[in-house]
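Chemist:
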Amino acid sequence: MRTTRTYLDYNATAPVHDAVRDAVAGALAMAGNPSSTHREGREARRIVEAAREAVARLVRGAPEDVVFTSGGTEANNLAIASALATGAARRVIVSAVEHPSVLEAARGSGAPVDVVPVDAEGTVDLDALARLLAGDDTPALVCLMHANNETGAIQPVVDAARVARAHGAMVHVDAVQTVGRLPVELAALGADSLALSSHKIGGPAGSGALVLRSGVALAPMIRGGGQERGRRSGTENLPGIAGFAAASEIALSHIGDTARIGALRDRLEQCARSASPDLRVWSAGVERLVNTTCFSVPGTKAETLVIALDLAGVAVSSGSACSSGKVAASHVLAAMGVPRDDAAGAVRASLGWGSTSDDVDRFADAWTRIMAARSRKRDIAA
Ligand code: PLP
């Protein structure tokens with residue numbers, strides 16, 4: 002029997018587009034190393050350079066400023082390590098809701114780290130940022146994500162960058178969750194660098210990029226053969242890069258799909274709320290990614306809900322998706338001041354290019370049954 006699955010976990014990984022699969026297969030079928038001078042090598046090089054142009058177009062950057070990496074995690078690590086290694090920054094300022102690849106890279110760098118708090122909606126406190134910058138004139142790198150992967154809250158990056166610049170600080174923006182969902186323009190954001198990831202936009206995992214503002218120097222983190230103009234050594238991941246390029250092109254042409262996806266997300270929230278009127282949606286009071294919803298129902302455990310939904314054929318995640326598979330308390334919700342019990346019940350549903358109205362119906366059906374079973378259990382216990 003074929004079971005229909007409803008996949009609502011695009012912020013963890015988006016399903017791969019058919020055109021991406023073709024691009025990856027095409028690259029896998031090639032023999033050449035992009036550094037080789039023979040015809041096969043030149044063909045591989047052509048794919049890498051065409052991909053660089055496609056990724057640059059995605060963020061209106063310049064192709065020569067795109068450095069391919071193994072994903073968003075490496076791009077974030079590289080931005081921080083490089084700013085410190087070049088001496089452009091000697092301390093790091095991060096928001097409290099950054100992805101672990103920013104928080105841990107900053108903490109592990111050996112440089113002083115300051116954390117900017119967020120308000121109850123998960124938006125960074127710009128006054129606190131200004132105070133941190135004004136209180137210490139050591140050159141700083143400010144790291145602020147464009148949108149949060151758990152709640153979808155969009156950060157005031159342009160304003161934060163303006164504050165940072167006024168104090169001579171550099172700005173790194175983690176745009177992993179926004180490319181393909183919002184227009185992302187490196188220069189308009191005021192960023193010195195942007196981290197991108199292929200598998201959030203329907204490309205293969207293990208591929209991403211750090212895109213630099215023209216003129217920003219980069220100190221390599223990985224040294225060796227001098228690939229990527231010495232900025233990131235190692236033979237290029239040709240299938241990953243080709244797939245990332247195909248996904249970037251699709252992401253750019255599908256940016257208008259946001260109205261459709263936003264309407265699906267809103268209906269999903271309405272359905273969830275009608276089956277559980279005490280449901281609370283986090284970051285609902287600020288501008289959010291239209292594909293994302295993160296909510297809690299008092300007295301429920303996220304793991305229980307995720308398992309129950311999974312059994313009903315619906316894939317969502319609990320708070321943040323953990324690489325180890327274990328569910329840890331969300332540092333994002335904690336930073337927003339969400340009570341522990343509520344945070345422990347937070348479920349995230351995230352939609353994307355393949356999401357349909359039927360997906361919302363199947364979610365609504367499963368959620369309604371789970372909530373009804375829960376209240377029957379409570380009635381029996383009472
Ligand atoms: N930054 C954000 C906001 C993310 O959501 C993720 C992935 O979950 C990453 C960075 C890491 O990207 P990658 O999985 O490509 O290493």
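So the sequence shown is numbered by this note's numbering: it starts at 2 and just counts up by one. We treat Cβ as the ideally placed atom computed from N, Cα and C, and that holds for glycine. Since this is a predicted model, take the numbers as computed values, not measurements.
(1) Go through its chain and collect everything with a Cβ distance to R375's Cβ below 6 Å, but skip five positions before and after it.
(2) What does a CB cutoff of less than 6 Å around A246 pick up in its chain, not counting 5 residues either side in sequence?
(3) Tell me whether S297 is buried or exposed, calling it buried when 16 or more other Cβ atoms sit within 10 Å of its Cβ.
(4) Quick check: is the beta carbon of M146 nearer than 8 Å to any beta carbon in chain B?
(5) Shorter than 7 Å, the distance from the beta carbon of H18 to the closest heavy atom of the ligand PLP, or not?
(6) Threshold first: 4 residues or longer. Then list the alpha helix (DSSP H) segments lying entirely within the segment 117-189, N to C.
(7) What is the DSSP secondary structure of G209, counted as helix, strand or coil?
(8) Quick one: does the C-beta of G1 sit closer than 7 Å to a heavy atom of the ligand PLP?
(9) Would you report the Cα separation of G169 and G227, rounded to the nearest angstrom?
(10) Distance check for S356 and V174, CA to CA, integer angstroms please.
(11) Following a CB-centred definition, is D175 positioned closer than 7 Å to any heavy atom of the ligand PLP?
(12) Let me know the beta strand (DSSP E) ranges lying completely inside the segment 48-131, each 3 residues or longer, listed in chain order.
(13) Output yes or no for whether 8 Å exceeds the beta carbon distance between A129 and L145.
(14) With which residues is F296 paired in a DSSP beta bridge?
(15) DSSP three-state call for S319: helix, strand or coil?
(16) Please identify the residue among L280, I155, T305 whose C-alpha is closest to the C-alpha of P299.
(17) Tell whether a beta-carbon distance below 8 Å holds between P35 and G42.
(18) Report the residue from A97, P205, G73, E65 whose alpha carbon sits nearest the alpha carbon of G338.
(19) State yes or no: is the C-beta of L306 within less than 8 Å of the C-beta of V348?
(20) Determine the DSSP secondary structure at A264, reduced to helix, strand or coil.
(21) Is the closest heavy atom of the ligand PLP to the C-beta of H168 under 7 Å?
(22) Helix, strand or coil for D342, going by three-state DSSP, please let me know.
(23) Check for me: the beta strand (DSSP E) holding A20 runs from which residue to which?
(24) Is the distance from the Cβ of T294 to the Cβ of R266 below 8 Å?
(25) Got a sec? Which residues, its chain only, sit under 7 Å from S358 by beta carbon, not counting five neighbours each side?
(26) Mind the definition here: the segment 19-33 touches the segment 217-237 only if three or more C-beta pairs lie below 8 Å; say whether that holds.
(27) How big is the Cα-Cα spacing for S234 and I223?
(28) Go to L197, then tell me how far its beta strand (DSSP E) extends in each direction, as first and last residue.
(29) Out of curiosity, what's the CA-to-CA distance linking D10 and T38?
(30) List the DSSP bridge partners of R363.
(31) I want to check one thing, is the minimum distance from the CB of N78 to the heavy atoms of the ligand PLP below 7 Å?
(32) If you compare alpha carbons, which of G286, I308, A210, R379 is closest to E65?
(33) How about V21 and G204: are their beta carbons less than 8 Å apart?
(34) If you reduce the DSSP assignment to three classes, tell me which class T259 lands in.
(35) Is S96 close to the ligand PLP? I mean its beta-carbon at under 7 Å from any heavy atom of the ligand.
(36) For a test of the three-state rule: what should DSSP assign to T369, helix, strand or coil?
Modeler: So, from the listed chains and residues:
(1) For R375, same chain residues with a beta-carbon under 6 Å away, outside a window of 5 residues either side, do not exist.
(2) The beta carbon of A246 lies closer than 6 Å to those of A52, A55 in the same chain, with the five residues before and after it left out.
(3) Per the 10 Å Cβ criterion, buried.
(4) Of the protein chains in the structure, only one exists, and it is not chain B.
(5) H18 Cβ: outside cutoff for every heavy atom of the ligand PLP.
(6) Inside the segment 117-189, DSSP marks whole alpha helix (DSSP H) runs of 4 or more residues at positions 127-135, 158-167, from first to last along the chain.
(7) The DSSP-derived three-state label of G209 is strand.
(8) Past the boundaries of the shown model lies residue 1; the chain is included only from 2 to 383, so the question cannot be answered.
(9) Roughly 31 Å between the two C-alpha positions.
(10) Using only the alpha carbons, I get a separation of about 27 Å.
(11) Indeed, a heavy atom of the ligand PLP lies less than 7 Å from the Cβ.
(12) Listed in chain order, they are 67-70, 92-96, 114-117.
(13) It is not a contact, given that the beta carbons lie outside the stated cut-off.
(14) Beta-bridge pairing links F296 to V282, V348.
(15) Three-state result, S319: strand.
(16) Ranking L280, I155, T305 by Cα distance to P299 puts L280 first.
(17) Taking a C-beta distance under 8 Å as the contact criterion, P35 and G42 qualify as a contact pair.
(18) Residue nearest to G338 within the set A97, P205, G73, E65 is A97 (criterion: CA-CA distance).
(19) Yes, the pair counts as a contact, with Cβ atoms nearer than the cut-off.
(20) A264 falls in the helix class under three-state DSSP.
(21) Answer for H168: no, Cβ out of range of the ligand PLP.
(22) Helix at D342.
(23) Looking at the DSSP string, A20 is not in any beta strand (DSSP E); the run it does join, the alpha helix (DSSP H), is 19-29.
(24) Yes; because the gap between Cβ atoms is below 8 Å, this pair is in contact.
(25) Once the five neighbours on either side are set aside, the close Cβ partners of S358 are L265.
(26) With a cut-off of 8 Å on Cβ pairs, the segment 19-33 is not in contact with the segment 217-237, counting fewer than three such pairs.
(27) As the crow flies, the alpha-carbon of S234 is around 6 Å from that of I223.
(28) Per DSSP, L197 belongs to the beta strand (DSSP E) from 194-198.
(29) Within the model, the alpha-carbon separation for D10 versus T38 is close to 42 Å.
(30) When DSSP reads this structure, R363 sits in no beta bridge, so it has no partner.
(31) No, since every heavy atom of the ligand PLP falls outside the 7 Å radius drawn around the Cβ of N78.
(32) The option with the nearest alpha carbon to E65 is A210.
(33) Yes, they are a contact pair.
(34) Looking at T259 - three-state DSSP - the assignment turns out to be helix.
(35) It does not: the Cβ of S96 is nowhere closer than 7 Å to a heavy atom of the ligand PLP.
(36) In this structure, T369 counts as helix in the three-state DSSP scheme.
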